[in-house]
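Working notes, beginning with the structure itself.
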Amino acid sequence: MDNIKVTDENTEKVQMSEIEEKVIKKPESLYDSFPRKGNDIYNTHYCAGCGHGILHKLIAEVMDELDIQERSVMISPVGCAVFGYYYFNCGNVQTAHGRAPAVATGISRAEDNAIVMSYQGDGDLASIGLNETLQAANRGEKLAVFFVNNTVYGMTGGQMAPTTLIGEKTVTCQNGRDANFAGYPLHLCE
29 MDNIKVTDEN TEKVQMSEIE EKVIKKPESL YDSFPRKGND IYNTHYCAGC
79 GHGILHKLIA EVMDELDIQE RSVMISPVGC AVFGYYYFNC GNVQTAHGRA
129 PAVATGISRA EDNAIVMSYQ GDGDLASIGL NETLQAANRG EKLAVFFVNN
179 TVYGMTGGQM APTTLIGEKT VTCQNGRDAN FAGYPLHLCE
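Each step along the sequence shown adds one to the number in our numbering, with nothing skipped, and position 59 is 87.
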């Protein structure tokens, strides 16, 4: 009886194991392990505190919930985003830095039934690929873009990005971003 939870008189009795299965279950749209040469196959390679793992899990849960895994194609450009192929259990195309929206557009137009998603960091989307991003949005292309903004170029050592905040210190602005010298950060998510 201790594994049954009743919240009030009108609520059905639910086995705790049923609840645990729904809450704790790993999304099918994520691989069970992440085999990479010389690394632990059950841990991601992302830096401590990085949000990529959480975002991967959220995207995979929605893919499962909408039952679109078999139709999904993840576009992974250069930068930390490129490692999506280790984690997402769906179609995946790696592309050059900043070109994810252009590649996503081509796939979306060629495969009408595909669910095309671009997963991009701020250096990729807000700097090198800003034109492709704006043009795809302007045309209303049939794709989803996940913009991961950590306000620095993370993979290459923490240089200032177009989204680095005023006063934020990076390896290329060690006293903090100064608007008089480097301009204001782009607020692309707003």
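We put the CB at the ideal spot given by N, CA and C, even for glycine.
Alpha carbon of S61 to alpha carbon of F116, nearest angstrom: 11 Å
Cβ shell of T198 (< 7 Å), same chain only, five flanking positions each side left out: V180, G186, Q187, M188, T192
Which of helix, strand or coil DSSP assigns to T161: helix
Coil, strand or helix - G185 by DSSP: coil
Which listed residue (Q122, T184, P63, T72) has its alpha carbon closest to that of Y147: Relative to the Cα of Y147, the nearest Cα in the group Q122, T184, P63, T72 belongs to Q122.
Per-residue burial, A132 [other beta carbons within 10 Å of its own, 16 or more giving buried]: buried
With 16 other Cβ atoms within 10 Å as the buried cut-off, status of G182: Buried, since its Cβ has 16 or more Cβ neighbours within 10 Å.
Closest residue to V144 among H125, G119, G157 (Cα-Cα distance): G119
For N178 and G134, the rounded distance between their alpha carbons: 28 Å
Closest residue to L94 among P55, D206, C201 (Cα-Cα distance): Of the candidates P55, D206, C201, P55 places its Cα closest to the Cα of L94.
G112 and S100 closer than 8 Å at C-beta: Taking C-beta atoms as the reference points, G112 and S100 fail to come closer than 8 Å.
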